[in-house]
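Working notes for the structure below.
Residue numbers (our numbering): 975 to 1243.
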């Protein structure tokens, strides 16, 4: 079964991912070794640091595919964007300067700031859905505000948004809290698929195979097949439907032996 990676920073020299063609080919080989057959190249855009124009990304992706083929690496790459939520997003769409996950423009990777969910997020999501675009919120488990209040993701799922968990979040590379949050999103069906979000950086390597194996062990082979199928549907522009449930509210328990008579609480899922 094809393994589609919908989010990686494999194109050289245009964001915080690959820094050279050599590094890009190294990432391509790592992707194949991890079981990936197709990869959407998604450099950052509109994030205040990088603005990567559509035609530049397309040209660079074509060159990367040529070099991959010349090197005999069995990987197919497509051009895409990781689009930061910003005021310039609608202008980018109007100017046809945004790349989607699929050729028909049904799905778009949407990145929130790492430390918050801006107050205008719902308004922007509404504008996108009115255009027939389904935003895919990337790595919500690594957003500080959502991590502190995971129920917040539900507000956007109710608007028709999809969510993508970083594979290495689920395997524990970013710590137990993010791993547990990822598992809870998976458990209630609020995540559609994994993606690598691979960079040529320490601790940002491919973990797709490990995440999918862990998913099968914890939630069954059918869930693994569902994740693989959903990623294929996205890149083909086909409908993806989630059968999700709300997260239960966190419970709090008081430690029995509190020092200095202070009430200390631990979150439990």
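C-beta atoms are modelled at their ideal positions from N, C-alpha and C, and glycine is treated no differently.
- Here the alpha carbons of residue 1010 and residue 1218 stand approximately 27 Å from one another.
- Following the DSSP letters along the chain, one finds residue 1003 inside the alpha helix (DSSP H) bounded by residues 995-1007.
- In this model, residue 1130 and residue 1099 are separated by some 8 Å (Cα to Cα).
- Its Cα nearest to that of residue 1122, the residue 1151 stands out among 1070, 1151, 1147.
- For secondary structure counted as the alpha helix (DSSP H) over 4 or more consecutive residues, the segment 997-1061 holds these complete runs in sequence order: 1028-1044.
- Sequence-distant partners of residue 1071 (beyond 5 residues in either direction) whose C-beta falls short of 7 Å from its own C-beta, in its chain, are 1027, 1028.
- Check the Cα spacing between residue 1156 and each of 1173, 1171, 1138, 1172: the tightest is with 1138.
- Residue pairing by DSSP places residue 978 opposite 1012 in a beta bridge.
- CA-to-CA, the gap between residue 1031 and residue 1223 works out to about 42 Å.
- Counting only the Cα atoms, residue 1020 lies some 23 Å from residue 1168.
- Annotation for residue 1151: the continuous alpha helix (DSSP H) segment containing it runs 1150-1161.
- Counting the other CB atoms within 10 Å of its CB gives residue 1215 a total below 16, which places it among the exposed residues.
- As a beta-bridge residue in DSSP terms, residue 1136 pairs with 1110.
- Judged by DSSP secondary structure, residue 1201 falls within the alpha helix (DSSP H) whose first and last residues are 1195-1210.
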